[in-house]
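Rendered as structure tokens:
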């Protein structure tokens, strides 16, 4: 049976873009005689709050959506993510990265001053310099024992070297889910991404592939802004022996200025729209249903 999921983060109010994604997942689950799951992605324990989580339930219920219980909250499953992280550590596919954001910026700025164009990921962020990979095991241990802040980063080159053949994923062409193409996965475009932090044994990339596998998700329907990220997630699925769902990356709902919607744009927030008298039917029309 097809299994779809809507997986918002409880770090702000839902907006029209979230409404479109949730409604589309519900529509496709119904059309495929499948299941619809709701997952709260709250690994960022400093920004995610019970109040924002409650607003997610309130907004989705107002839209008339129903989902299976119980709802999975990522913050309740850190032990499961840590088990996967330990596998990557044992297989020497991750390394502790100690450079701070300031050190990263300074290193890259210095390189660019000397005429080197620093590579950037598909989102436009500079790739991690990865100087830490040259540290000896004893030096890494010394720094960790001394309490130095660090993040676990994927050694992407080492991971790709283990592939017997190129990775790809199945991408549906449109909302009918009737035709699909195989898309080349390009994890190398992301460099050495963070898979966990010192204080939190996971990251978005690690937790999302773990959750989709553990929940039996077969169809990942999400925004086009996550299209390129599928490459690094396919690599993690392969390394951890996790099944790969099929994907559809849907169009984004633009804000008043034509840019991607943000949770900081209150005028497109569902709570604000509801308080101003907008009906669920009008929200559906606003997002194209």
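In my numbering, the protein residues as written are 3 to 291.
Glycine residues also receive a C-beta, built at the ideal position from the N, C-alpha and C atoms.
Pick from 81, 65, 221 and 57 that is closest to residue 283, judged by C-alpha positions: Counting from one through the chain shown, the residue named residue 283 turns up at place 281. Comparing Cα-Cα distances from residue 283 to each of 81, 65, 221 and 57, the minimum goes to 65.
query: Is residue 229 helix, strand or coil when you go by DSSP?
result: In the chain shown, the residue the question calls residue 229 occupies position 227. Of the three classes helix, strand and coil, the one that applies to residue 229 here is coil, per DSSP.
message: Going by C-alpha to C-alpha distance, which of 162, 225, 240 and 231 sits closest to residue 255?
response: Here residue 255 corresponds to residue number 253 of the chain shown, with the count starting at 1. Answer by Cα proximity: 225.
- prompt: Looking at residue 37 and residue 73, is the spacing between their C-beta atoms short of 8 Å?
  reply: Here residue 73 refers to the residue found at position 71 of the chain shown. Here residue 37 refers to the residue found at position 35 of the chain shown. Their beta carbons are not under 8 Å apart, which means residue 73 does not touch residue 37 by this criterion.
message: Suppose contacts are defined by Cβ-Cβ distances below 8 Å. Is residue 263 in contact with residue 18 by that definition?
response: As a position in the chain shown, residue 263 is number 261, starting the count at 1. As a position in the chain shown, residue 18 is number 16, starting the count at 1. Contact flag set, yes.
field: In DSSP terms, what residue 7 is bridged to
entry: Counted from its first residue, the chain shown places residue 7 at position 5. DSSP, once it has assigned bridges, lists 39 as partnering residue 7.
Buried versus exposed call for residue 78 [16 or more other C-beta atoms within 10 Å across all chains shown]: In the chain shown, the residue the question calls residue 78 occupies position 76. The residue is exposed, with fewer than 16 neighbouring Cβ atoms inside 10 Å.
- request: With DSSP collapsed to three states, give me the class of residue 73.
  value: Translated into positions along the chain shown, residue 73 becomes position 71. In this structure, residue 73 counts as coil in the three-state DSSP scheme.
query: With C-beta atoms as the reference, is residue 128 less than 8 Å away from residue 230?
result: By 1-based counting over the chain shown, the position of residue 128 is 126. By 1-based counting over the chain shown, the position of residue 230 is 228. It is not a contact, given that the beta carbons lie outside the stated cut-off.
- prompt: Which term fits residue 238, buried or exposed, when burial requires 16 or more other beta carbons within 10 angstroms of its beta carbon?
  reply: Numbered from 1 along the chain shown, position 236 holds the residue referred to as residue 238. Buried.
message: According to DSSP, residue 171 sits in a beta bridge with which residue or residues?
response: Position 169 of the chain shown holds residue 171. Partner(s): 185.
task: Consult DSSP for residue 79 and reduce its assignment to one of helix, strand or coil.
output: Taking the chain shown and counting its residues from 1, one reaches residue 79 at position 77. Correct three-state label for residue 79: coil.
query: Where are the alpha helix (DSSP H) runs, 4 residues long or more, that stay fully inside the region 89 to 143, in chain order?
result: 103 to 115
message: Can you give me the C-alpha to C-alpha distance between residue 9 and residue 186, rounded to a whole angstrom?
response: Position 7 of the chain shown, counted from the first residue, corresponds to residue 9. Position 184 of the chain shown, counted from the first residue, corresponds to residue 186. Looking at the two C-alpha atoms, the distance is approximately 25 Å.
query: Is the Cβ-Cβ distance between residue 55 and residue 12 less than 8 Å?
result: Start at 1 with the first residue of the chain shown, and residue 55 comes out as number 53. Start at 1 with the first residue of the chain shown, and residue 12 comes out as number 10. Yes.
Buried or exposed by the 16-neighbour rule on C-beta atoms within 10 Å, applied to residue 88: By 1-based counting over the chain shown, the position of residue 88 is 86. Classification for residue 88: exposed.
message: As a quick exercise: from 218, 107, 122 and 100, pick the residue whose alpha carbon is nearest that of residue 146.
response: Residue 146 sits at position 144 when you count from the first residue of the chain shown. Among 218, 107, 122 and 100, the Cα nearest to that of residue 146 belongs to 100.
Option in 4, 96 and 227 with minimal Cα separation from residue 153: One-based indexing of the chain shown puts residue 153 at position 151. Comparing Cα positions, the closest option is 96.
- request: Go to residue 302, then tell me how far its beta strand (DSSP E) extends in each direction, as first and last residue.
  value: Given that the chain is displayed from residue 3 to residue 291, the structure contains no residue 302 and the question cannot be resolved.
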